[in-house]
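Chemist: To convert, count from 1 in the sequence shown and add 941; that's this note's numbering.
Note that the Cβ used here is the ideal one computed from N, Cα and C, for glycine as well.
I have a structure here, written as structure tokens, and I will follow up with some questions on it.
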Amino acid sequence: MTQVASARRDVFGDDVLSPNVLDHVSLSKIVEIRDVLIEKQSRGEKVFRLESGTPAYNLFPAVAEAIVKAVRDNKTFYTEGTGIRPLREAIAAKLQRKNGITHDCNATTVFAGQGGMGTLYCVITALCGSDDTIICPSPVWESVSNIAKLSGANVVTLDLKEELGFNWDIEELAATVEQTKPRLVIIVNPGNPTGGVFPKADTERLFELVREHKLFVLEDLAYEDITYDDDFVNLTEHAHATNDPELYRQFIPVYTMSKSQNYSGLRIGYTHLPQPQLSERFRKALLYTTNGINSLAQWGAVEALDPKHDDEIGRMRDGYRERRDALYAGLENAGVFRLPGKPKGAFYLFPHINRDLLQERLGSSQTLPSTDSDPTLGEWMSKFILQEGIGSIAGTFFGPSAGEHIRFAYTCSVDDCRAVAARLTELFG
Ligand SMILES: Cc1ncc(COP(=O)(O)O)c(C=O)c1O
């Protein structure tokens, strides 16, 4: 809890309100760590911002121009509830051209939302209620599991296996589906915090489960463009390629422009919902949460989704690859991390801390927390390196099975990635 919040609680007490679903989700840990780093920065200290997934790049210049033009043209009034027509056309064209969404994809079946988060919220609320079960991976970007909880559904978490590149054991998923009969399975592909991508080898088995149990699969594709394997193909695209409506209609992709188009502050996400009952519910969820989305961001998005920017996206991907490799080499040198190989996507490293080696390197000067303790080993390390001005997030905040992991976001400069790598080697190597 923040100091301000606890001070207010002293004044107002904790029993003013009756229990609410919001009491069962937490605020993001990133904010707390970010505050410490900003405070250090304001005192003139050098800090390394590896705690959050803010993109490393700026808005494409032509997009900034389009937004300025929209201001000058007074495009600042209410827009169509589901996004301006040019945006919906641009989204549909992009989904067909780049994402292989070949069926039922047009300006009436795609919907824009308030960033990835807002779009996920509206999609999950439209799909599930208190009679439903949702299977969610763990560890995972905590917001997605929190949104699942807010829908009122029963959320079952299923651990990803580090030894499988942070993927599910597909037969374990099959058994969990059999047992819990979920309405929805959420797959974050590539994963945050893990960088894992869904294995091609498991795709057919997943499709069998979808057909047999009439499951919906929500594929969170926030990092669709930050993949380091040329042959990455997402699940929704595979499903459309089968031409089987019983299958592809069950796949709901959710995109954000935050990472691919450096749009994190402008807040545009989008999805493909050809099923009328679902799309009508989505429209209601959007209406009664944000009443549509920012008009200027929409006009910029029309420009940003144009294929002429694909090269810029490719250059960003190369830049992230360079950062990944620099930081990965540094973590290897530091010698206290167990690294499962370079991640195939997103912009995070999620190493497992080797407790014995770490204790050996630190000697008797530091006592590490014991296994399963509070704080966890990841929390201990995150706090330890925060004193050095290095931001990170302990694995615990992504799921209870990741207490000995720590997440580094490599969205700072390449030089900062190298400097962090050198500092970690000094501290632990
Ligand atoms: C996996 C994943 N999905 C969705 C989002 C949401 O993105 P937005 O910033 O557009 O809300 C994020 C943001 O970090 C993310 O990591």
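1) Got a sec? Which residues, its chain only, sit under 7 Å from T1231 by beta carbon, not counting five neighbours each side?
2) If you reduce the DSSP assignment to three classes, tell me which class L1159 lands in.
3) Should the stretch 962-980 be called in touch with the stretch 1191-1202, which here means at least 3 C-beta pairs below 8 Å?
4) For E1263, which residues from the same chain have a beta carbon less than 6 Å from its beta carbon, with the 5 sequence-adjacent residues on both sides left out?
5) Can you name the start and end residues of the alpha helix (DSSP H) that T1050 belongs to?
6) How about R1348: is its Cβ closer than 8 Å to a heavy atom in ligand 1?
7) Taking 8 Å as the cut-off, is the CB of A1031 close to at least one heavy atom of ligand 1?
8) Tell me, which residues are paired with C1077 by DSSP?
9) Can D1072 be considered in contact with ligand 1, in the sense that its beta carbon sits closer than 8 Å to one or more heavy atoms?
10) Could you pull the start and end residues of the alpha helix (DSSP H) that R1038 belongs to?
11) Checking 9 Å against the spacing of the C-beta atoms, do A1363 and G1282 come in under that value?
12) Tell me, please, which residues DSSP counts as bridged to Q1218.
13) Which class does G1210 belong to by DSSP, given the choice of helix, strand or coil?
14) Pull every residue with its beta-carbon under 6 Å away from any heavy atom of ligand 1, and keep them in chain order.
15) Can you tell me whether DSSP reads F1339 as helix, strand or coil?
16) Return yes when the Cβ of F1148 is within less than 9 Å of the Cβ of A1180, no when it is not.
17) Roughly how many angstroms lie between the CA atoms of P1078 and N1015, to the nearest whole one?
18) Would L1068 be called buried (16 or more neighbouring beta carbons within 10 Å of its own) or exposed?
19) Give a yes or no on whether the C-beta atoms belonging to G1375 and Y1164 are separated by under 9 Å.
20) Please specify which runs of the alpha helix (DSSP H), each continuous and at least 4 residues long, are wholly inside the stretch 993-1029, giving them in chain order.
21) CB N1130 to CB L1091, shorter than 9 Å?
22) Since I1127 and L1159 should fall inside the 8 Å C-beta cutoff, what is the C-beta to C-beta distance between them, to a whole number of angstroms?
23) Candidates N1040, G1041, N1047: which alpha carbon is nearest A1033's?
24) Going by beta carbon distance, what residues of the same chain come within less than 8 Å of T1050, once the five residues before and after it are set aside?
25) Indicate whether L1303 and T1312 have their beta-carbon atoms separated by less than 9 Å.
26) Can the beta-carbon of G994 be found less than 9 Å from the beta-carbon of T1366?
27) Can you name, in chain order, every residue of its own chain whose Cβ lies under 7 Å from the Cβ of R990, other than the five neighbours on each side?
28) Which residues share a DSSP beta bridge with F989?
Modeler: With the structure as the only source:
1) Q1055, G1059
2) strand
3) no
4) V1355
5) Segment: none, T1050 is in no alpha helix (DSSP H) and carries neither H nor E.
6) no
7) no
8) T1098
9) no
10) 1026-1040
11) no
12) According to DSSP, Q1218 bridges with nothing at all.
13) strand
14) G994, G1056, G1057, M1058, W1082, V1129, N1133, D1161, A1163, T1197, S1199, S1205, G1210
15) helix
16) yes
17) 44 Å
18) buried
19) In the structure as shown, the chain begins at 942 and stops at 1370. Residue 1375 is therefore absent and cannot be evaluated.
20) 1002-1013
21) no
22) 5 Å
23) N1047
24) A1033, H1213, L1214, P1215, S1220
25) no
26) no
27) L978, G1332, C1353
28) I1331
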